[in-house]
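> Residue numbers (full-length UniProt numbering): 1 to 322.
Every residue, glycine too, gets a C-beta built ideally from N, C-alpha and C.
Owing to the predicted nature of the structure, the values given are computational and were not obtained by experimental measurement.
Attaching a single structure in structure tokens format; questions to follow.
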Ligand SMILES: Nc1ncnc2c1ncn2[C@@H]1O[C@H](COP(=O)(O)OP(=O)(O)OP(=O)(O)O)[C@@H](O)[C@H]1O
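Here it is as structure tokens:
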């Protein structure tokens, strides 16, 4: 769970209270304009960057660093003064793989990406695409619980792009969770089952998508969203399109069912394009409401406090989907 993660760089607020619940093994594509905070979020999730406040919490069995394996494909890979083979053998040994296992995985992955002709050449003369293939292989040497890929298609030729797409689908089927940033998201059709959109450090969209057997169908949104607003630590106001105010969450299941039915009605009026519901929720604390939504099978994707007295038309700050 990504729990209220904020990141500041020299006073610039880059991640603004990101809150995401991620089920085990999910494949997620993050999208958003340049500078919206995608890479910063990925690095924070990997533990390579410390958030200013908030934290990433892991589920049972993966809480400790040595219990989980994360593969990370950074946006840029350096031109090292060594060969792919030397580098990847070293990377495998660091991950405590046996030489036999590294060899066998290298044969598989280097063969797939047609890297054999240059496996023993020094990387300081490599093209962008050749470096990117080494970058991908280092992250996939040991089957990770989570594979984080920042612009994985960058520089790859068409054949390698297609093979990567298939490989990611396979790894995901075998249980690896994926978190990807990719501007050419069409090329990863069929890989992601959830698409999260960032805008200026905020989550502004969160959709589940259908992934077909072949993995090649167009994505279709299947989850609707509810935008909620917190006005103080003690009251949550679900952003309104309807005039009435409902006091709910007496029972979490009832409340979520009610939210869903309102969403459906509003979706009909708005073609499902905009957030829909307007109810007021009384609760002793925003944490309690979050717990209720999560406990009822909903997912919270973004939470941010706003000061009391803000107008109803400000952007929703707590985003939940069900
Ligand atoms: N090390 C850093 N020091 C200062 N500011 C940084 C640093 N890294 C990122 N930023 C700033 O944080 C913001 C978000 O950057 P980030 O790289 O996360 O965006 P992004 O969504 O991945 O962008 P792109 O699509 O261009 O890769 C940008 O304004 C960037 O200038």
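1) Starting from the Cα of residue 23, find the closest Cα among 183, 98, 204 and 175 and give me that residue.
2) Just to confirm the assignment, what range does the beta strand (DSSP E) spanning residue 4 have?
3) Just to check my reading of the structure: residue 55 and residue 10 have Cβ atoms closer than 8 Å, yes? What is that Cβ distance to the nearest angstrom?
4) For residue 108 and residue 65, what's the separation of their Cα atoms in angstroms?
5) For residue 45, write down the residues that DSSP places opposite it in a beta bridge.
6) Starting from residue 99, follow the alpha helix (DSSP H) in both directions and report where the run begins and ends.
7) Throw me the rounded Cβ distance for the residue 203 and residue 42 pair, which I believe falls under 8 Å.
8) Which residue's Cα is closest to the Cα of residue 88: 115, 76 and 68?
9) With a Cβ-Cβ cutoff of 8 Å, do residue 126 and residue 160 count as a contact?
10) To the nearest whole angstrom, what separates the beta carbons of residue 105 and residue 141, a pair I think is in contact under 8 Å?
11) Near ligand 1, which residues have their beta-carbon less than 5 Å from any of its heavy atoms, given in chain order?
12) For residue 180 versus residue 146, is the C-beta distance shorter than 8 Å?
13) When DSSP labels each residue in this structure, what does residue 16 get in the three-state scheme?
14) Would you please state the rounded distance, in angstroms, between the beta carbons of residue 36 and residue 153? I believe it to be under 8 Å.
15) Kindly indicate which three-state DSSP category residue 176 falls into: helix, strand or coil?
16) So, is residue 164 buried or exposed, given that buried needs 16 or more other C-beta atoms within 10 angstroms?
17) Apart from the five residues on each side of it in sequence, which residues of its chain come closer than 6 Å, Cβ to Cβ, to residue 219?
18) Compare the C-alpha of residue 59 against each of 110, 72, 25 and 92 and name the closest.
19) If you compare alpha carbons, which of 62, 201 and 207 is closest to residue 18?
20) Per DSSP, residue 207 is paired with what?
21) What are the residues that DSSP puts in a beta bridge with residue 363?
22) Could you check how far apart the C-beta atoms of residue 7 and residue 69 are, in whole angstroms? I think they sit under 8 Å.
23) Quick check: the Cα distance between residue 38 and residue 31, rounded to an integer number of angstroms?
24) Give every residue of the same chain whose Cβ lies closer than 7 Å to the Cβ of residue 119, excluding the five residues on either side of it in the sequence, and list them in chain order.
25) Flag this pair as yes or no: are the beta carbons of residue 191 and residue 27 separated by less than 8 Å?
26) Answer with buried or exposed for residue 193, where buried requires no fewer than 16 other C-beta atoms within 10 angstroms of its C-beta.
27) Apart from the five residues on each side of it in sequence, which residues of its chain come closer than 8 Å, Cβ to Cβ, to residue 5?
28) Could you round the C-beta distance between residue 95 and residue 124 to whole angstroms and report it? I think they count as a contact, below 8 Å.
29) Within a Cβ cutoff of 7 Å, which residues of the same chain sit near residue 309, ignoring the five residues on either side of it in sequence?
30) Would you mind working out which of 77, 73 and 139 sits nearest residue 102, comparing C-alpha positions?
31) When you compare the CB positions of residue 184 and residue 195, do they come within less than 8 Å of one another, or not?
32) Since residue 76 is in the alpha helix (DSSP H), which residue starts that stretch and which ends it?
Once the coordinates are examined:
1) 175
2) 2 to 9
3) Residue 55 to residue 10, Cβ: 21 Å. No contact.
4) 28 Å
5) Paired residues: none, contrary to the question.
6) 99 to 112
7) That belief does not hold up - the Cβ atoms of residue 203 and residue 42 are roughly 14 Å apart, past 8 Å.
8) 115
9) no
10) 6 Å
11) 9, 14, 34, 35, 36, 37, 38, 39 and 40
12) no
13) strand
14) Incorrect: roughly 19 Å between the Cβ atoms, too far for contact.
15) coil
16) buried
17) Caution is warranted here: a pLDDT of 42 is assigned to residue 219, below 50, making its placement in the model unreliable, and no coordinate value can be reported.
18) 25
19) 201
20) 195
21) A query on residue 363 cannot be resolved here, the shown segment of the chain reaching from 1 to 322 and no further.
22) Actually they do not touch by this definition, with Cβ atoms about 24 Å apart.
23) 7 Å
24) 83, 84, 85 and 110
25) yes
26) buried
27) 15, 17, 18, 19, 41, 44, 51, 53, 54, 55 and 56
28) Contact flag wrong, Cβ pair sits at about 24 Å.
29) With a pLDDT of 42 at residue 309, under the threshold of 50, the predicted position of this residue should be treated as unreliable, though the coordinate-derived value follows. Answer for residue 309: no residue qualifies.
30) 139
31) no
32) Segment: none, residue 76 is in no alpha helix (DSSP H) and carries neither H nor E.
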